[in-house]
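Data block below; observations after.
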Amino acid sequence: MKHHALPLLMAATLAAPALAKDPPPAAPPRPPSPGANHSPRAPLWSYDGDNGPTKWSEVDPKFRLCQSGKRQSPIDIETQTVERGGLKPIMFNYAAGPLTLVNGNNTIQVNFTTSGGARLDGLEYKLVQMVFHAPSEEKIDGIATPISAQLIHRAGDTRTAVVAIRFKLGKENKALKPIFERLPKTDAFNETIESFNPADILPANPAYFTYMGSLTSPPCTEDVKWFVMRQTVDISFRQLSAFKERYKSNSRPSQPVSGRRVQEYIEEQ
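So the number in our numbering is just where the residue sits in the sequence shown, counting from 1, plus 60.
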């Protein structure tokens with residue numbers, strides 16, 4: 061089934077001085093984009109040194125959750141302790157569409173506009189962005205993969221969900237070729253790819269882990285729903301090397317689970 065985005069209609073308001081009312085409360089701010097640290101005025105943070113992960117909360121007061129938050133991401137998923145049963149498969153409704161590549165300073169940032177979305181935990185989300193981390197921030201039983209993609213989804217202005225796809229060394233990933241051939245060589249980088257279908261990088265097996273977490277980069281906003289795909293997808297050594305040559309290591313260390321519920325969906329046979 062194809063899903064088409066409907067245009068948003070802004071209702072005009074008629075104002076009369078005699079009938080003036082207090083303006084409605086402002087909508088909650090939209091969560092920032094993961095990996096976005098490309099504004100010249102943005103507080104600088106990094107993945108090592110004095111502004112590394114253990115110091116993020118000191119870079120800016122808005123980043124305090126990076127230190128004080130109790131539901132931070134990523135986590136190391138222990139398969140022996142996860143809950144099984146009671147979950148439904150993710151209904152991906154991705155579609156081919158244009159995307160924009162931006163240098164996010166710490167990673168390549170892929171911005172989507174018309175690439176569909178997914179039904180996650182019973183709610184319809186729109187795919188808005190994808191970022192990469194090497195090595196993967198997501199660990200399963202203590203093991204990270206060489207690189208992962210995090211697909212960021214939004215529902216309205218306040219709900220954020222992330223689907224994480226982990227990659228292992230193997231064959232060239234043809235679906236990622238248009239992106240990895242255009243990795244930015246300068247800070248001021250903005251390029252459009254006419255057609256890309258996110259469905260082409262999904263693993264064949266729909267099994268996933270899910271838990272409540274946060275953005276993995278400042279400001280480390282919480283109440284983010286995570287879906288970590290269990291099966292890995294191939295990427296070539298050449299593709300991985302191209303990314304690491306440009307971005308080095310850009311992964312946040314695992315954060316305490318702190319008693320959070322971690323569930324696993326396994327397809328019924």
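Glycine residues also receive a C-beta, built at the ideal position from the N, C-alpha and C atoms.
What you are looking at is a predicted structure, and each value in this text was computed from that prediction instead of being measured.
Closer than 7 angstroms by C-beta to residue i: which residues in its own chain qualify, once you throw out the five before and the five after it? Chain order, please.
| i | result |
| --- | --- |
| S314 | P134, I135, D136 and K199 |
| T276 | P94, S133, P134, E197 and R312 |
| G176 | H63, N153, Y154, A155 and L187 |
| T139 | I200 and D201 |
| P238 | I253 and F256 |
| F303 | F192, A194, I207, F240 and L243 |
Within the same chain, show all residues whose beta-carbon is closer than 6 angstroms to that of residue i, passing over the 5 residues directly before and after it, in chain order.
| i | result |
| --- | --- |
| K122 | P279 |
| E232 | S296 |
| E251 | L161 and R242 |
| L330 | With the chain running from 61 to 329 in the structure shown, residue 330 is simply not present. |
| G157 | T174 and S175 |
| A350 | Coverage of the chain is limited to positions 61 through 329, which leaves residue 350 absent and any answer about it impossible. |
| S128 | none |
| R179 | M151 |
Let me check understanding here. Comparing Cα to Cα, which of the options lies closest to residue i?
| i | options | result |
| --- | --- | --- |
| L229 | P113, R298, T141 and P149 | R298 |
| R162 | T114, V191 and F256 | A quick correction: the sequence has Val, not Arg, at residue 162. Comparing Cα-Cα distances from V162 to each of T114, V191 and F256, the minimum goes to V191. |
| D247 | T139, E327, M151 and R306 | R306 |
| I225 | Q140, P195 and T218 | P195 |
| T292 | S274, P266 and T173 | P266 |
| P258 | A209, R242, R219 and E324 | A209 |
| R131 | N310, S117 and S274 | S274 |
| E184 | I203, D110, A215 and T174 | A215 |
| G182 | P149, E138 and D201 | P149 |
| M151 | S309, V223 and K234 | V223 |
| D126 | Y107, E143 and R144 | The sequence shown places Cys at residue 126, not Asp. Ranking Y107, E143 and R144 by Cα distance to C126 puts Y107 first. |
| L300 | P263, H193 and L262 | H193 |
| G112 | P316, N310, P206 and D260 | N310 |
| D120 | W105, P316, F227 and A302 | W105 |
| G164 | E143, L147, Q189 and R144 | Q189 |
| Y325 | E118, K245 and E143 | E143 |
| E327 | F249, L180, E118 and L147 | L147 |
| L236 | T114, D294 and E118 | D294 |
By the three-class DSSP mapping on this structure, what secondary structure does residue i have?
| i | result |
| --- | --- |
| T114 | helix |
| D283 | strand |
| Y107 | coil |
| A302 | helix |
| I135 | coil |
| S274 | strand |
| S128 | helix |
| A259 | helix |
| K122 | helix |
| I326 | coil |
| A71 | Below a pLDDT of 50, predicted positions are generally treated as unreliable, and A71, at 37, falls in that range; no measurement from the model is reported. |
If I measure Cβ to Cβ from residue i and keep anything under 8 angstroms in the same chain, skipping five residues before and after, which residues do I get?
| i | result |
| --- | --- |
| T220 | P91, I212, H213, R214, L275, T281, D283, V284 and K285 |
field: Any 3 or more C-beta pairs closer than 8 angstroms across the stretch 261 to 276 and the stretch 287 to 297
entry: In this structure the stretch 261 to 276 touches the stretch 287 to 297; the number of beta carbon pairs closer than 8 angstroms is three or more.
query: Are the stretch 320 to 327 and the stretch 165 to 183 in contact at 8 angstroms, needing three or more beta carbon pairs?
result: no
field: Whole alpha helix (DSSP H) elements within the stretch 215 to 252, 4-residue minimum
entry: 237 to 240
message: Restricting to runs no shorter than 3 residues, where is the beta strand (DSSP E) found entirely within the stretch 149 to 197?
response: Those beta strand (DSSP E) runs which fall completely within the stretch 149 to 197 and span 3+ residues are 151 to 154, 157 to 163, 168 to 172, 176 to 180 and 183 to 193.
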